[in-house]
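This report concerns only the one structure given below.
Number of protein chains: 2
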Amino acid sequence: MPRSRRRRDADVSRREILDAAEELFSQRGYERATLSQIGRRAGVSTGLPTYFFGGKDALYRAVLERLIAEREARLEPLAARAIRSFERTGDRRAALELLISSYIDFLRERPALVRLMGREALDGARHLAPGPRHSVAVASAIERIAGAGGADLDQLMITTVALCFFPLEHNDTMLAAMGRDAMSDEFAAARKRHVVDVLERVLAAS
Amino acid sequence: MPRSRRRRDADVSRREILDAAEELFSQRGYERATLSQIGRRAGVSTGLPTYFFGGKDALYRAVLERLIAEREARLEPLAARAIRSFERTGDRRAALELLISSYIDFLRERPALVRLMGREALDGARHLAPGPRHSVAVASAIERIAGAGGADLDQLMITTVALCFFPLEHNDTMLAAMGRDAMSDEFAAARKRHVVDVLERVLAAS
DNA sequence: GCGAACTTACTGTTCGTTCAGTTAGTTGTC
DNA sequence: GACAACTAACTGAACGAACAGTAAGTTCGC
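Protein chains in written order, with this note's numbering: chain A, 1 to 206; chain B, 207 to 412.
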């Protein structure tokens, strides 16, 4: 952890605290991550996270907000591309491939999102602001690609998120017991193919 | 919480402590459930859980073991019935309906299993014994019903568990934001139909 | 030199564990 | 069948560790 930054820069410190907190909250959970550990990993003192963010709870909320904002910023343009491609060519499989591939890749890049969302779900969404909890970009793309078919759109949305989310969420238990690693490139490629197959068949039938 | 039992009965006390611990661990998580709360809910003192189980960690492990044993005891005969039915009649959809319906119903009856497994997955399976982490009964039934088709069996297994598990796991976040309740009878019925549709189509194509 | 960034020592609280003591239940003895 | 001797169940107060929050003090950038 190189300390080669300008000695005092509130913006840099804030970001490094958020990075450290994201890592520790997602790996150890809220209670077992301490402010001292977060400070140490960020290269600052115990008291600075509270000084900047107001307290442990507020810091946790800030981590979540940053992750969710980043998710939408990353997925929105890709989902829009998938929609445009589908509406221009009518090729449902190609559109699904683009969408699912982007989604799974993002989740693999930012595993903290999967872990923190899983923790929020189990803790009754204590720290989550009201509003949609899954990506609105992915949701609207699925809606457009599904078309006006009679299929239950909510079920389809739950299934899509479940298929992409679950392997990463349960990587340390179910996947590990199977000798698979959801973070590996091989597994991700096989998973993408499988998910696209599933969704394509479901949509074709409706 | 009626206190009408024989004044001293270790077996009853053990069971009531396990019940209380299952409830509190699954709802609040390991760290936020205290031994005093567990004792109070079980109608015993602060010290008794440790006296019987050796400590908080060991109590948590005992809760998990009991849940997993109960899962297998409940699902094994139903999965066997599904396999027999499929091998006698060749009716894949009927077999899937029986299997998926049993699985989802069990998860709804014992939501603590879903919650605790979710927590274990996020905490690196700290308290879980080695070995398979999903129901071996459901797994073997899926294997038999899928037949020797070329489909990737691991992917199919992950998908099956994900489709049934995920709505309950994320009931407080994603489902709540959609205005759905995974514990309700209507949602469960719709979900069962959807999951069977998905699996049937995937298997039919392979 | 002033204000913001940052540290460090400290406070109050929470909680798991321990253990000395108490009581209910059982066994053996006559 | 009653009474003593003994065991196991159970209590609750006390201890010590861990930790979030605080505030007084220090240092840096401008």
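All C-beta atoms in this analysis are idealised placements derived from N, C-alpha and C, irrespective of residue type, glycine included.
Owing to the predicted nature of the structure, the values given are computational and were not obtained by experimental measurement.
Can you have a look at residue i and say buried or exposed, based on whether 16 or more other CB atoms are within 10 angstroms of its CB?
i                      : result
residue 138 of chain A : buried
residue 236 of chain B : buried
residue 45 of chain A  : exposed
residue 378 of chain B : buried
residue 10 of chain A  : exposed
residue 208 of chain B : Reliability fails at residue 208 of chain B, whose pLDDT of 33 lies under 50, so the model's placement of it is uncertain and the value that follows must be treated cautiously. Classification of residue 208 of chain B: exposed, given that the 10 Å Cβ count is below 16.
residue 103 of chain A : buried
residue 245 of chain B : buried
residue 250 of chain A : The question about residue 250 of chain A has no answer here: the residues shown for chain A are numbered 1 through 206.
residue 257 of chain B : exposed
residue 79 of chain A  : buried
residue 123 of chain A : buried
residue 73 of chain A  : exposed
residue 62 of chain A  : buried
residue 182 of chain A : buried
Identify whether residue i lies in helix, strand or coil by the three-state DSSP scheme.
i                      : result
residue 4 of chain A   : Per-residue confidence for residue 4 of chain A stands at a pLDDT of 43, beneath the threshold of 50, marking its modelled position as unreliable; the derived number appears in the next sentence. Residue 4 of chain A: coil per DSSP, three-state reduction.
residue 128 of chain A : coil
residue 236 of chain B : coil
residue 194 of chain A : helix
residue 258 of chain A : Missing from the structure shown is residue 258 of chain A; chain A here goes from 1 to 206 and no further.
residue 384 of chain B : coil
residue 147 of chain A : coil
residue 202 of chain A : helix
residue 215 of chain B : coil
residue 46 of chain A  : coil
residue 183 of chain A : coil
residue 19 of chain A  : helix
residue 90 of chain A  : coil
residue 378 of chain B : helix
residue 314 of chain B : helix
residue 329 of chain B : coil
residue 247 of chain B : helix
residue 339 of chain B : coil
residue 360 of chain B : helix
Report the rounded CA-to-CA distance for residue i versus residue j, giving the unit in angstroms.
i                      : j                      : result
residue 194 of chain A : residue 163 of chain A : 9 Å
residue 187 of chain A : residue 180 of chain A : 7 Å
residue 26 of chain A  : residue 87 of chain A  : 38 Å
residue 361 of chain B : residue 76 of chain A  : 28 Å
residue 315 of chain B : residue 71 of chain A  : 34 Å
residue 157 of chain A : residue 33 of chain A  : 33 Å
residue 402 of chain B : residue 117 of chain A : 27 Å
residue 16 of chain A  : residue 7 of chain A   : 13 Å
residue 53 of chain A  : residue 159 of chain A : 36 Å
residue 161 of chain A : residue 19 of chain A  : 25 Å
residue 326 of chain B : residue 340 of chain B : 12 Å
residue 250 of chain A : residue 347 of chain B : Outside the displayed span of chain A (1 to 206) sits residue 250 of chain A, for which this structure offers no information.
residue 24 of chain A  : residue 43 of chain A  : 14 Å
residue 313 of chain B : residue 320 of chain B : 7 Å
residue 241 of chain B : residue 234 of chain B : 12 Å
residue 37 of chain A  : residue 55 of chain A  : 14 Å
residue 404 of chain B : residue 105 of chain A : 24 Å
residue 275 of chain B : residue 69 of chain A  : 42 Å
residue 398 of chain B : residue 302 of chain B : 10 Å
residue 350 of chain B : residue 170 of chain A : 24 Å
residue 271 of chain B : residue 380 of chain B : 29 Å
residue 4 of chain A   : residue 41 of chain A  : In this prediction, residue 4 of chain A scores a pLDDT of 43, lower than 50, which makes its location untrustworthy; no coordinate-derived value is stated.
residue 342 of chain B : residue 136 of chain A : 36 Å
CB residue i to CB residue j, shorter than 8 Å?
i                      : j                      : result
residue 298 of chain B : residue 374 of chain B : no
residue 352 of chain B : residue 228 of chain B : no
residue 98 of chain A  : residue 81 of chain A  : yes
residue 254 of chain B : residue 307 of chain B : no
residue 201 of chain A : residue 411 of chain B : yes
residue 383 of chain B : residue 132 of chain A : yes
residue 396 of chain B : residue 57 of chain A  : no
residue 371 of chain B : residue 166 of chain A : yes
If we count Cβ pairs, one from each stretch, closer than 8 Å, do we get three or more for the stretch 298-309 of chain B versus the stretch 326-336 of chain B? no
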